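*Asks:* Can you keep this structure in mind? I'll have questions shortly.
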Ligand SMILES: Cc1ncc(COP(=O)(O)O)c(C=O)c1O
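Numbering (my numbering), first residue to last: 2 to 384.
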């Protein structure tokens, strides 16, 4: 193809633009760590935990090595294991159910609401009944705040309370979003998030955090984070992990947190422009009343019968990347297909896996570039 005719490629997530905006601040933060050399548990780790707590209103923050380990550590701290049932939406990233299965407990997959992509409370009730019939002990529910939007936490919390479950919120994609005026991190027993680079608040590698108001849980998590260490460093009192966040990543996150509010506003503006430009050709995301999304993804649903691969190819030819989160729900994947599901199957999850597609979304998506994306999406339907 003639080089001159090739359209300028649009980034799906523009980390380079964010680096430009951060300027020297991140380099200087990294340089400070390289000077003091406290690469593990350096002062930036505690400073970050304090800043994250202040940001979301949680009493305790335990940073850790990834979003997956954040989920795993809470289940370990609560002693979840064989014979326990943990309820997860099926339409999610695999880590949500994986951590349950890794501990020998049983993930029970439940369906999601098609409008919000988040756990359907009626299907959760059905999943609990299925687990009991199979002789499993219902222990916990892991709602996921998918693509950046909070789940229906009041409804889930009420079911959890009635059934004696604890709630572990998987906010890996949603730190910075709010539910009824409260930032995620302060709902349920504990909240897990991820600082994977592509996340709304990402570091320059793997990282995560756990938020809780429960002092005892926070203390146990700090022990799990370092091999189950007790008050005597060489008397390990439980099983644990090497689950720490590196000081370098904490230093980077401290700088990124300073511009996060501003980025949240920018992400909302981008989402608004998409909704205005695309609302009459595809199904654009619905944000439930009382919620704000952090727009980890901008995920649309294509009209019935639309060829999704063909649509993606049409955009790609114009330099516009897309991604499919998730082409298979968890209960449809090889490693998970033998685990129980709620009665009646999970038709909404399966439909979503068949027709969703995500468009470029980040805080630095300027208006002309976004207009190009909107025009390409609209054009794909008029063709
Ligand atoms: C919903 C969800 N849960 C958990 C995780 C795991 O986070 P990490 O990649 O930091 O382990 C992710 C990461 O994409 C996620 O999207």
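Ideal Cβ positions, reconstructed from N, Cα and C, are used throughout, including at glycine. Owing to the predicted nature of the structure, the values given are computational and were not obtained by experimental measurement.
Can you tell me whether DSSP reads residue 158 as helix, strand or coil?
*Replies:* Numbered from its first residue, the chain shown carries residue 158 at position 157. Helix at residue 158.
*Asks:* Among the residues of its own chain, which have a CB less than 7 Å from the CB of residue 53, if the five just before and after it don't count?
*Replies:* Within the chain shown, numbered from 1, the residue matching residue 53 stands at position 52. Excluding sequence neighbours, residue 53 sits near 62 and 210.
*Asks:* Go to residue 232, then tell me how far its alpha helix (DSSP H) extends in each direction, as first and last residue.
*Replies:* Position 231 of the chain shown holds residue 232. That residue, residue 232, is in no alpha helix (DSSP H); it is neither H nor E in DSSP.
*Asks:* Following the continuous beta strand (DSSP E) through residue 187, name the residue where it begins and the one where it ends.
*Replies:* Stepping through the chain shown from its first residue, residue 187 is reached at position 186. Residue 187 -> no beta strand (DSSP E), and no H or E assigned at all.
*Asks:* Apart from the five residues on each side of it in sequence, which residues of its chain come closer than 6 Å, Cβ to Cβ, to residue 189?
*Replies:* Here residue 189 refers to the residue found at position 188 when the chain shown is read from its first residue. Hits under 6 Å: 168 and 170.
*Asks:* How many angstroms separate the CA atom of residue 361 from the CA atom of residue 9?
*Replies:* Here residue 361 corresponds to residue number 360 of the chain shown, with the count starting at 1. Here residue 9 corresponds to residue number 8 of the chain shown, with the count starting at 1. Near 14 Å, if we compare the C-alpha coordinates of residue 9 and residue 361.
*Asks:* Just the C-alpha distance for residue 352 and residue 135, rounded to the nearest angstrom, thanks.
*Replies:* Taking the first residue of the chain shown as position 1, residue 352 is located at position 351. Taking the first residue of the chain shown as position 1, residue 135 is located at position 134. Between residue 352 and residue 135, the C-alpha separation is close to 27 Å.
*Asks:* Please state whether DSSP places residue 25 in a helix, a strand or coil.
*Replies:* For this step, residue 25 is matched to residue 24 along the chain shown. The answer is helix: DSSP assigns residue 25 an H, G or I state.
*Asks:* Can you tell me where the beta strand (DSSP E) holding residue 275 begins and where it ends?
*Replies:* On the chain shown, position 274 is the one that residue 275 refers to. From DSSP, residue 275 is part of no beta strand (DSSP E) but of the alpha helix (DSSP H) over 261-279.
*Asks:* Where does residue 241 land, buried or exposed, given buried means 16+ other C-beta within 10 angstroms?
*Replies:* Numbered from its first residue, the chain shown carries residue 241 at position 240. Looking at its Cβ environment, which holds 16 or more other Cβ atoms inside 10 Å, residue 241 is buried.
*Asks:* Would you mind reading off the limits of the alpha helix (DSSP H) that contains residue 369?
*Replies:* As a position in the chain shown, residue 369 is number 368, starting the count at 1. Per DSSP, residue 369 belongs to the alpha helix (DSSP H) from 368-383.
*Asks:* To the nearest angstrom, how far is the alpha carbon of residue 3 from that of residue 319?
*Replies:* Here residue 3 refers to the residue found at position 2 when the chain shown is read from its first residue. Here residue 319 refers to the residue found at position 318 when the chain shown is read from its first residue. Since pLDDT at residue 3 reaches only 49, below the 50 mark, its modelled position is unreliable, and the value read off the structure follows with that caveat. Rounded to whole angstroms, residue 3 to residue 319 spans 14 Å at the Cα level.
*Asks:* Are the CB atoms of residue 202 and residue 66 within a distance shorter than 8 Å?
*Replies:* One-based indexing of the chain shown puts residue 66 at position 65. One-based indexing of the chain shown puts residue 202 at position 201. No, they are not a contact pair.
*Asks:* Between residue 158 and the rest of its own chain, which residues show a CB-CB distance below 8 Å, the 5 nearest in sequence each way excluded?
*Replies:* Against the chain shown, residue 158 aligns to sequence position 157. Cβ neighbours of residue 158 beyond the five flanking positions: 168, 188 and 189.
*Asks:* Is residue 232 near ligand 1, judged by its Cβ being under 7 Å from some heavy atom?
*Replies:* Residue numbering aside, residue 232 sits at position 231 when the chain shown is read from its first letter. Distances between the C-beta of residue 232 and the heavy atoms of ligand 1 are all 7 Å or more.
*Asks:* Can you list, in chain order, the residues of its chain with a C-beta nearer than 7 Å to that of residue 207? Leave out the 5 residues immediately preceding and following it.
*Replies:* Within the chain shown, the letter at position 206 stands for residue 207. Cβ within range, chain order: 66, 67 and 197.
*Asks:* Per DSSP, which one or two residues make a beta bridge with residue 65?
*Replies:* Here residue 65 refers to the residue found at position 64 when the chain shown is read from its first residue. DSSP output for residue 65 lists 209 as bridge partner(s).
*Asks:* At a cut-off of 7 Å, is residue 149 close to ligand 3 when judged by its beta-carbon and the heavy atoms of the ligand?
*Replies:* Here the bound small molecules are ligand 1; ligand 3 is not part of this structure.
*Asks:* Measure from the alpha carbon of residue 213 to the alpha carbon of each residue in 73, 316, 192 and 88, then state which is nearest.
*Replies:* Translated into the one-based positions of the chain shown, residue 213 becomes position 212. Ranking 73, 316, 192 and 88 by Cα distance to residue 213 puts 192 first.
*Asks:* Under 7 Å: does the beta carbon of residue 197 sit that close to some heavy atom of ligand 1?
*Replies:* For this step, residue 197 is matched to residue 196 along the chain shown. Yes, since a heavy atom of ligand 1 falls inside the 7 Å radius drawn around the Cβ of residue 197.
*Asks:* Would you please state the rounded distance, in angstroms, between the beta carbons of residue 88 and residue 145? I believe it to be under 8 Å.
*Replies:* The residue you call residue 88 lines up with position 87 of the chain shown. The residue you call residue 145 lines up with position 144 of the chain shown. 11 Å between Cβ atoms; not a contact.
*Asks:* Give me the DSSP bridge partner(s) of residue 292.
*Replies:* One-based indexing of the chain shown puts residue 292 at position 291. Residue 292 pairs with 180.
*Asks:* Just confirm the distance between the C-beta atoms of residue 133 and residue 84, as a whole number of angstroms; I'd bet it's less than 8 Å.
*Replies:* As a first step, residue 133 is located in the chain shown; it is residue number 132 there, counting from the start. As a first step, residue 84 is located in the chain shown; it is residue number 83 there, counting from the start. Not quite, the Cβ-Cβ distance comes to about 12 Å (not below 8 Å), so this is no contact.
*Asks:* Could you check if residue 87 belongs to the surroundings of ligand 1, using beta carbon to heavy atom distance under 7 Å?
*Replies:* The residue given as residue 87 occupies position 86 in the chain shown. Not under cutoff, so the answer is no.
*Asks:* If you check the beta carbons only, do residue 322 and residue 94 fall under 8 Å apart?
*Replies:* As a position in the chain shown, residue 322 is number 321, starting the count at 1. As a position in the chain shown, residue 94 is number 93, starting the count at 1. No, the pair does not count as a contact, with Cβ atoms beyond the cut-off.
*Asks:* With DSSP collapsed to three states, give me the class of residue 348.
*Replies:* Counting from one through the chain shown, the residue named residue 348 turns up at place 347. Helix.
*Asks:* In the DSSP assignment, find the alpha helix (DSSP H) that holds residue 44 and state where it starts and stops.
*Replies:* Numbered from 1 along the chain shown, position 43 holds the residue referred to as residue 44. Taken as a continuous stretch (DSSP letters only), the alpha helix (DSSP H) holding residue 44 covers 44-57.
*Asks:* Can you check which of these residues, 369, 365, 259 and 378, is closest to residue 18 by C-alpha distance?
*Replies:* Against the chain shown, residue 18 aligns to sequence position 17. Among 369, 365, 259 and 378, the Cα nearest to that of residue 18 is on 365.
*Asks:* Excluding sequence positions up to five away, which residues of its chain have a Cβ less than 8 Å from the Cβ of residue 298?
*Replies:* Position 297 of the chain shown, counted from the start, is the residue given in the question as residue 298. The residues are 148, 149, 174, 324, 326, 359 and 362.
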